[in-house]
Amino acid sequence: MPLMMSEEGFENDESDYHTLPRARISQRRRGLEWFICGGWKFLCTSCSDWLINICRRKKDLKARTVWLGCPEKCEEKYPKNAIKNQKYNIFTFIPGVLYEQFKFFLNLYFLVVSCSQFVPALKIGYLYTYWAPLGFVLTVTVVREAVDEFRRYKRDKEMNSQLYSKLTVRGKVQVKSSDIQVGDLIIVEKNQRIPSDMVFLRTSEKTGSCFIRTDQLDGETDWKLKVAVSCTQRLPALGDLFSINAYVYAQKPQLDIHSFEGTFTREDSDPAVHESLSIENTLWASTVVASGTVIGVVIYTGKETRSVMNTSNPKNKVGLLDLELNQLTKALFLALVALSVVMVTLQGFVGPWYRNLFRFLLLFSYIIPISLRVNLDMGKAAYGWMIMKDDNIPGTVVRTSTIPEELGRLVYLLTDKTGTLTQNEMIFKRLHLGTVSYGTDTMDEIQSHIINSYSQVHSQNSGNSTSSTPSRKPQSSAPKVRKSVSSRIHEAVKAIALCHNVTPVYESRAGVSAETEYAEVDQDFSDENRTYQASSPDEVALVQWTESVGLTLVNRDLTSMQLKTPGGHILTYYILQIFPFTSESKRMGIIVRDESSGEITFYMKGADVAMSTIVQYNDWLEEECGNMAREGLRTLVVAKKSLTEEQYQDFESRYNQAKLSIHDRNLKVAAVVESLEREMELLCLTGVEDQLQADVRPTLEMLRNAGIKIWMLTGDKLETATCIAKSSHLVSRNQDIHIFRPVATRGEAHLELNAFRRKHDCALVISGDSLEVCLKYYEHEFVELACQCPAVVCCRCSPTQKAHIVKLLQHHTGKRTCAIGDGGNDVSMIQAADCGIGIEGKEGKQASLAADFSITQFKHIGRLLMVHGRNSYKRSAALGQFVMHRGLIISTMQAVFSSVFYFASVPLYQGFLMVGYITKTWDECTKKSHTRLDMHYMRREVSLSALWREGSA
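Going by numbering that gives the first Met the number 0, the sequence shown opens with residue 0, and the numbers climb by one from there.
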């Protein structure tokens, strides 16, 4: 369908399309004629839809007020906090399993043929010849489903029976996880799973914060820092939680695990205490406490928790080979009916001809042999065993044993970038100050500058304890006086060491008791047992780099952080405010106060697209960002702004007021923060490299040569995604790249698609926002153009967009798709694809557990597809063709036998001979050569034409 070449049609109103059905409805015929001509069907459909809507009606989710320790004060009844992953119950198990089996024509045909043998007039053999193979298949299927269901039941029961300490007026009581209610005060120990969504009230850590592990929620292995509500953390004792009159106002349950809006109110104080709550004050279910003991008030339970709401029921995947065999069975059934009709016609329709017709149908039923399912299921089990036992791809796990042939029939491979094509190991590579750039080979110069800078500062401080303030005076006139390279390096490194969310963690030594562990952390800043924890590996790489050049982060809590200089001195900075990174703002900031000088400084770092309008005018930032991006580096722009005491006090009052807002809190907070983000001093530009996985280039080259089209879907920025596509040879060096310009309207999308249509044989790079606009107005046209590209890169994609792209390819092309990823954000894409492959990476095992196949390295996908996928498909195709050819030969002999004996409907062979004649040696089924990579031959192996070629050969 060609695109419109003018903009006249852009103003089409969707209401035009809704007026047509109404006009038709008004013209419907009424009365008896209308009822007979289809009205009964309309009424039945309407009634059934109404009943379904009544049964599936969901409760409207609302915001709630939760009183501390008082579940009885809840205004509504909330769901039970029970985990249920079972697919069936005791009443629906047998019907559900049988429906899944007999919804396919092949299995239904076998069932009808077997049941016909209970009719004496139609019986032509022993019952076991029909019911033994069918019973074997059904028994194996039922037992397998029963075992899986029982495992799910045991897993759910184990999770629901976990005991937690519940804080009551009488003290602590043990309660099961399934008995927890909204409003309960729950105590969670270290390394214990959090049973429900809670607001963080208290912790045993004197810093008022704790770490949690979220790898089972979002797939990220980095620890997250959570902060207790300051009002309850300051209470002298744990029992004082019941002596106060306080409640939490929480927004309605939502899908987003990275945001939360609420307020904490204490009414019995004068004046009443109001404290805003954000994502850092929450403890989501299915996360694990990594440090200390936490106490929280439950706000969401059961199916209203974030983890359950983000869990999608995976579809039952059926291989294309099974679907083709099902269609081929229908064609063979028509041939069977035609042959039976011919035999009855030649017989002359004498006597009870209809009974003879059914008997001929049963006699020739070996055209569709009942042993086909048995042989294929046993073959698939063997293929899975061979994959897991392959020494060339160690650690591979087959989690779905019904689709091994899909690996050999893939046309589209959709892959994540970070952690899949790259190692997710960040290495600091470049520091650019505008006039000078430092790489890995010149980092020693930065280290010498830092050593000299801090040695001069401390020598001045040793001479005069008050000289630190005068030494800062030249910096106040920084925009007017050109700084030296040494001072610029000093400011840049200090900014990188301060502007982050990294926390140093010290592991306790052997023999150190738990009572002295926290005291040791405050006193021992040795490098041997220190590790860094942060939500982003980029930030850890930056802090590790500052440590390598001499400025080390040694301690951090909620209110301060301490840096150690090359001379061993400790510098303390008080944290006044911190603004975490979000996907919308694309930057993070922090306001700190220097303990020695009292100066207040606002540091900020972020993506160049967000920071370019914030920093002062410069003529090098955009060019250098492009240069680093072409080298495959992830760039961050670092800036600062000095604040007076009056400026900060004014900002703090407006910021706290915005955080207490219930409606549009995020917008109001962002507006207040943006008032500070003006004319900031540009300090430096950093470049961090994410190294490629081993053998990524040859693997992608082999897949591309095999005819597989590869799409890269990533949440990273456009420039970095483009560079990784080039460096990994996803896009060849001599291939043109069309970067889809940002579009926001239908007209812009129309013009850009027309420009893209004129390009030939070029890779496409498009952002998630532009993709959303194109799919809204020109879905079919965009998919048609994109499928013609040798490679497609979609950057800034959300997990929902990734799954949507997979479904689009399936719907518009009808080809088989494969999705591969390593993080929790790839699970929806993996489950939506026809074949999902998960990698056990640094982002956890969530993608690996949700996938059909699990591998340890990306390079293993080459052997998995090219060897095991190809062989599995060719063997199943050869096995299916052999079984069908055998059935055709037997039916032909039966037809000849019946013709010779006056078209008598009597069997030629006894039943036990037919049961015994169902096997063939493995080598005979796979005697074709597998050395040549002929993907075209793999595409269509099971079809009527292939069956005819094999039979004639």
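Backbone N, C-alpha and C define an ideal beta-carbon position, used for all residues, glycine too.
Margin query: If you reduce the DSSP assignment to three classes, tell me which class Gly438 lands in.
Written below: coil
Next item on the list: Go ahead and pull the three-state DSSP assignment for Gly835.
Entry: strand
Checklist line | Sequence ranges, alpha helix (DSSP H) only - wholly within the stretch 680 to 737, length at least 4 | finding: Runs found: 695 to 704, 717 to 726.
Check: Any idea if Val480 is buried or exposed, counting beta-carbon neighbours within 10 angstroms, 16 or more meaning buried?
Finding: Because Val480 carries a pLDDT of 42, less than 50, the predicted location of this residue cannot be relied on, and the following value inherits that uncertainty. Around the CB of Val480, fewer than 16 other CB atoms lie within 10 Å, so the residue is classed as exposed.
Check: Can you round the beta-carbon distance between Ala289 and Arg212 to whole angstroms, since I take them to be within the 8 Å contact cut?
Finding: Going by Cβ atoms, the distance from Ala289 to Arg212 rounds to 5 Å, so yes, they are a contact pair.
Next item on the list: Identify which residue in Tyr901, Lys302, Ile838 has its Cα closest to the Cα of Val349.
Entry: Residue Tyr901 is the option with its Cα nearest to Val349.
Notebook entry, point to check: If you run the structure through DSSP and keep just helix, strand and coil, what is Ile123?
Noted result: coil
Margin query: Tell me which residue opens and which closes the beta strand (DSSP E) that Phe263 is part of.
Written below: Per DSSP, Phe263 belongs to the beta strand (DSSP E) from 261 to 265.
Notebook entry, point to check: How should Trp921 be labelled, buried or exposed, when 16 other C-beta atoms within 10 angstroms of its C-beta is the threshold for buried?
Noted result: Annotation note: pLDDT 38 at Trp921 (below 50); position unreliable, coordinate value reported separately. Per the 10 Å Cβ criterion, exposed.
Checklist line | CA nearest to the CA of Leu133, picked from Lys156, Phe149, Leu97, Ala334 | finding: Closest option to Leu133, Cα to Cα, is Leu97.
Check: To which residues does DSSP link His273 through a beta bridge?
Finding: Thr264
Check: Per DSSP, what kind of secondary structure is His749 in: helix, strand or coil?
Finding: helix
Check: Among the residues of its own chain, which have a CB less than 8 Å from the CB of Lys165, if the five just before and after it don't count?
Finding: Lys171, Val172, Gln173, Val174, Ile179, Asp183, Leu184, Ile185, Ile186
Checklist line | Exposure of Trp384, with buried meaning 16 or more beta-carbon neighbours within 10 Å | finding: exposed
Check: For the stretch 757 to 774 against the stretch 819 to 834, are there 3 or more C-beta pairs whose distance is under 8 Å?
Finding: no
Notebook entry, point to check: Does the separation of the CB atoms of Asn391 and Arg745 fall below 7 Å?
Noted result: Not in contact: Asn391 and Arg745 (Cβ atoms no closer than 7 Å).
Check: What is the rounded straight-line gap between the Cα of Ser115 and the Cα of Arg408?
Finding: In this structure, the alpha-carbon of Ser115 lies about 38 Å from that of Arg408.
Checklist line | Alpha-carbon spacing of Pro270 relative to Val539, whole angstroms | finding: 42 Å
Next item on the list: Have a look at the DSSP bridge pairing and note the partners of Tyr411.
Entry: Lys708, Thr816
Checklist line | Cross-strand partners of Trp66 (DSSP beta bridge) | finding: Tyr246
Next item on the list: Would you please state the rounded distance, in angstroms, between the beta carbons of Glu490 and Leu729? I believe it to be under 8 Å.
Entry: The Cβ separation is near 39 Å, so there is no contact.
Notebook entry, point to check: Counting along the chain, where does the beta strand (DSSP E) carrying Pro503 start and finish?
Noted result: 502 to 505
Next item on the list: Can you give me the start and stop residues for the beta strand (DSSP E) that Thr564 sits inside?
Entry: Where Thr564 is concerned, there is no enclosing beta strand (DSSP E), given that its DSSP letter is neither H nor E.
Note to self: Which runs of the alpha helix (DSSP H) at least 4 residues long sit entirely within the stretch 74 to 141? Give them in chain order.
What the structure shows: 92 to 101, 104 to 115
Check: In three-state terms, what does DSSP make of Gln422?
Finding: strand
Notebook entry, point to check: Is Gly597 helix, strand or coil by DSSP?
Noted result: coil
Item checked: Extent of the continuous beta strand (DSSP E) run through Ile294 -> Here the beta strand (DSSP E) through Ile294 covers 293 to 299.
Notebook entry, point to check: Residues in its own chain within less than 6 Å of Gln800 by CB, not counting five upstream and five downstream?
Noted result: Gly767
Item checked: Coarse secondary structure for Glu514, derived from DSSP in three states -> At Glu514 the pLDDT is 38, less than 50, meaning the model places this residue with poor confidence and gives no usable figure here.
Checklist line | Test item: CB-CB of Leu413 and Trp130 under 7 Å | finding: no
Check: Of the choices Leu575, Leu126, Arg664, Ser242, whose alpha-carbon is the least far from that of Ile599?
Finding: Leu575
Note to self: Contact between the stretch 198 to 205 and the stretch 224 to 244 is defined here as three or more beta-carbon pairs at a separation below 8 Å; is this criterion met?
What the structure shows: yes
Item checked: Ile661 - DSSP class collapsed to helix/strand/coil -> Ile661 falls in the coil class under three-state DSSP.
Notebook entry, point to check: Got a sec? Which residues, its chain only, sit under 7 Å from Arg696 by beta carbon, not counting five neighbours each side?
Noted result: Excluding residues within five positions, the ones whose Cβ falls inside 7 Å are Ser727, His728.
Margin query: On the criterion of 16 or more Cβ atoms from any shown chain inside 10 Å, does Val181 qualify as buried, or is it exposed?
Written below: buried
Margin query: I'd like the span of the beta strand (DSSP E) that includes Arg555, first residue to last.
Written below: For Arg555, the enclosing beta strand (DSSP E) covers residues 551 to 555.
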